[in-house]
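Below is one structure; the comments refer to it alone.
Residue numbers (mature numbering (1 follows the signal peptide of the UniProt record, and there is no 0)): -26 to -1, 1 to 194.
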């Protein structure tokens, strides 16, 4: 049996690499020019298109469907964390549907922190526009990576890593965070709550400390 030619081997390698790259995308590839997400329950004529949410009829799509102004306004930082996040995912910005990206605005008061959390479906690029932030993440081998990021600078957080943004400056700080998913998701708390006994045993602290910590983040 003859050995495959070098060109055939190269072609096979390229096809394998392309297949692997396709499977690593945070969101699937779009199957049409655009698919502006229909408001749930408001448009009975919306057609199903995968990947993504149901599309509103193309005949009803207007320029404003591709426009988003919410990031022009600062989010309130009047809270214990001193942080405000304005989401720009597909649920807030329907024109992003099937496009595989989203972006948030993060506002931090002096000393404010966007607490430790993860995005299970996307990597995150943090671009600081004002002030300075300590941005960091923890890898699966327990190593901590961080950098003080100043206006005009960026820091990337790999998909699924536990991370935070912390304002280390004397003035307010602002960043835009970009994701390679229309809906990256976020893991921080849980509903219903994880039992106090489980957390107390996991962190080797008294259950009363767990109750105190939970009270700081409980809604309502």
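Note that beta-carbon positions come from the ideal geometry of N, C-alpha and C, so glycine has one too.
Exposed unless 16 or more other CB atoms sit within 10 angstroms - verdict on residue i
| i | result |
| --- | --- |
| residue 147 | buried |
| residue 223 | No answer is possible for residue 223: it lies beyond the span of the chain, which begins at -26 and ends at 194. |
| residue 79 | buried |
| residue 179 | exposed |
| residue 68 | buried |
| residue 32 | exposed |
| residue 212 | Nothing about residue 212 can be reported from this structure: the residues present for the chain run from -26 to 194 only. |
| residue 256 | Nothing in the structure corresponds to residue 256, since the chain is present only between -26 and 194. |
| residue 1 | buried |
| residue 126 | exposed |
| residue 156 | buried |
| residue 151 | buried |
| residue -4 | Low per-residue confidence applies at residue -4: pLDDT is 49, beneath 50, and the placement is therefore not dependable enough to give any value. |
| residue 6 | exposed |
| residue 51 | buried |
Whole-number beta carbon distance between residue j and residue i, since they are thought to touch under 8 angstroms
| i | j | result |
| --- | --- | --- |
| residue 46 | residue 28 | Actually they do not touch by this definition, with Cβ atoms about 28 angstroms apart. |
| residue 158 | residue 37 | So it is not a contact: roughly 26 angstroms between Cβ atoms. |
| residue 211 | residue 149 | Absent from the structure is residue 211, since the part of the chain shown begins at -26 and ends at 194. |
| residue 108 | residue 142 | 5 angstroms |
| residue 73 | residue 169 | Not quite, the Cβ-Cβ distance comes to about 40 angstroms (not below 8 angstroms), so this is no contact. |
| residue 188 | residue 167 | 7 angstroms |
| residue 62 | residue 42 | 6 angstroms |
Residues bridged to residue i (per DSSP)
| i | result |
| --- | --- |
| residue 98 | 131 and 153 |
| residue 148 | 81 and 104 |
| residue 120 | 110 |
| residue 138 | 110 |
| residue 76 | 153 |
| residue 198 | Residue numbering for the chain in the displayed model covers -26 to 194; residue 198 lies beyond these limits and cannot be assessed. |
| residue 58 | 81 |
| residue 91 | 137 |
| residue 27 | Paired residues: none, contrary to the question. |
| residue 11 | 29 |
| residue 161 | 92 |
Beta-carbon contacts of residue i that lie in its chain and below 6 angstroms, excluding the five residues immediately before and after
| i | result |
| --- | --- |
| residue 97 | 132, 133 and 154 |
| residue 174 | 181 and 184 |
| residue 135 | 111 |
| residue 54 | none |
Cβ shell of residue i (< 7 angstroms), same chain only, five flanking positions each side left out
| i | result |
| --- | --- |
| residue 49 | 58, 59, 60, 79 and 81 |
| residue 124 | 102 and 106 |
| residue 161 | 91, 92 and 94 |
| residue 66 | 44 |
| residue 171 | 181 |
| residue 39 | 10, 68 and 69 |
Contact set for residue i: own chain, Cβ-Cβ below 8 angstroms, skip 5 residues either direction
| i | result |
| --- | --- |
| residue 137 | 90, 91, 92, 98, 109, 110, 111, 112 and 131 |
| residue 144 | 84 |
The region 69 to 89 touching the region 126 to 135, judged by at least three CB pairs closer than 8 angstroms: no
So, do the region 58 to 74 and the region 107 to 125 have three or more beta carbon pairs nearer to each other than 8 angstroms? no
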